[in-house]
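Residue numbers for the sequence shown, in mature numbering (1 follows the signal peptide of the UniProt record, and there is no 0): -27 to -1, 1 to 238.
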Amino acid sequence: MSSSPRQTAIARGLALAAAFAAFSTSAAPVKGGELVYLEQQAHTNLYPPAGGFYPNGGILNQITDKLTWQNPKTLEVEPWIAESWTSNADKTEYTFKLRPGVTFSDGTPLDANAVAKNFDTYGLGNKALRLPVSEVINNYDHSEVVDPLTVKFFFKKPSPGFLQGTATIGSGLVSLKTLARTFDELGDARNIIGSGPFVVQNETLGREVDLVARKRLSMGAEKQSAAGASQPRRHQDSGHAGRQRTHRCAAGGTGRFYSPGTGLR
């Protein structure tokens, strides 16, 4: 049986905890507490299609879910928020059935209407809010809400890559309130409302972002092994920084990022 995306995140967190334990007197994983990692650059914007820039994607991966995920071992696209999907023969229509009971961290439903609005925005952009079209969604035409848990997407030309595109960082799902903000406003991490296992608690612009684990998760997701994770941002030797970035904030809740030269507090 394949692992779920949240099981994968937790497994990575446990691996990171074990690595830290090698430098301590106890090798046993610790539940709760705070996990710290370092990032050399500040995030620039958390509009999900901007997630291709590593510091942006590292935060988005912790606070958003996606319709699907791509299993790194099999490369198969597997269910996440979408329980199942179908497409027509020429890949111009895709229909997704969603999991019931999923909510964003502000309590609003992650339903077909929210998913439709996300992909209408990513596929068409929003000039008034200066939100650009996603690079991973091509030939997009429109969406249709079939029922509260079923959404259908239509494309002007065959788009065989769309299914894989729903698994990318740039397709993270955010609340309707988030999608109503301008591109510039989405540079503030506190303005991003997702359905992921973590939420942004605080941001010191250009210096630090704190992520905390959600107290209650929908979908019966497993508990995080750490209650917090801190992600400081400053200059490091490349090897150390690379190791820290590999694990990001997968194990838990508070993420602190520090700008170069500011040092740790």
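Think of the CB as a built atom: it goes at the ideal place given N, C-alpha and C, for glycine as much as any other residue.
Considering only DSSP beta bridges, list what E51 is partnered with.
The sequence position of residue 51 within the sequence shown is 78, counting from 1. Answer is W42, bridged to E51.
I165 and L19 closer than 7 Å at C-beta:
Taking the first residue of the sequence shown as position 1, residue 165 is located at position 192. Taking the first residue of the sequence shown as position 1, residue 19 is located at position 46. Closer than 7 Å, so yes.
Just the Cα atoms here: how many angstroms apart are G201 and V185?
Taking the first residue of the sequence shown as 1, we reach residue 201 at position 228. Taking the first residue of the sequence shown as 1, we reach residue 185 at position 212. For G201, the predicted model reports a pLDDT of 46, less than 50, meaning its position is unreliable and no value from the coordinates is stated.
Starting from the C-beta of G98, find all residues in its chain whose C-beta is less than 7 Å away, skip the five residues before and the five after it, and write them out in chain order.
Position 125 of the sequence shown, counted from the start, is the residue given in the question as residue 98. Closer than 7 Å at Cβ, skipping near neighbours: L104, P105, V106.
I need the DSSP call for residue 256, collapsed to helix, strand or coil.
What the structure shows of the chain is the stretch from -27 to 238, and residue 256 is not part of that stretch, so it cannot be assessed.
Alpha carbon to alpha carbon, how far is K100 from P73? Give it in angstroms, no decimals.
For the purposes of this step, residue 73 is identified with residue 100 of the sequence shown, where counting begins at 1. For the purposes of this step, residue 100 is identified with residue 127 of the sequence shown, where counting begins at 1. Computed Cα separation, rounded: 32 Å.
Taking the C-alpha atoms as reference points, what is the distance between T139 and G6?
The residue you call residue 139 lines up with position 166 of the sequence shown. The residue you call residue 6 lines up with position 33 of the sequence shown. About 33 Å.
What's the gap between the Cα of G167 and the Cα of A62?
As a position in the sequence shown, residue 167 is number 194, starting the count at 1. As a position in the sequence shown, residue 62 is number 89, starting the count at 1. Approximately 33 Å, taken between the alpha carbons.
Along the chain, where does the alpha helix (DSSP H) that runs through F135 open and close?
Within the sequence shown, residue 135 is the residue found at index 162, counting from 1. 135 to 138 is the extent of the alpha helix (DSSP H) around F135.
Can you name the start and end residues of the beta strand (DSSP E) that F92 belongs to?
For the purposes of this step, residue 92 is taken as residue 119 along the sequence shown, with counting starting at 1. No beta strand (DSSP E) contains F92, which is instead part of the alpha helix (DSSP H) from 85 to 97.
Spell out the partners DSSP gives H115 in its beta bridges.
Against the sequence shown, residue 115 aligns to sequence position 142. DSSP output for H115 lists F127 as bridge partner(s).
Is S144 helix, strand or coil by DSSP?
Position 171 of the sequence shown, counted from the first residue, corresponds to residue 144. Residue state, collapsed to three classes: helix.
Does the Cβ-Cβ distance between V50 and Q174 come in under 7 Å?
If you number the sequence shown from 1, residue 50 lands on position 77. If you number the sequence shown from 1, residue 174 lands on position 201. Not a contact, by the Cβ cut-off of 7 Å.
Could you check where the alpha helix (DSSP H) with T155 kicks off and where it finishes?
Position 182 of the sequence shown holds residue 155. No alpha helix (DSSP H) holds T155; DSSP gives it neither H nor E.
Per the contact definition of three or more C-beta pairs closer than 8 Å, is the stretch 83 to 94 in contact with the stretch 119 to 134?
yes
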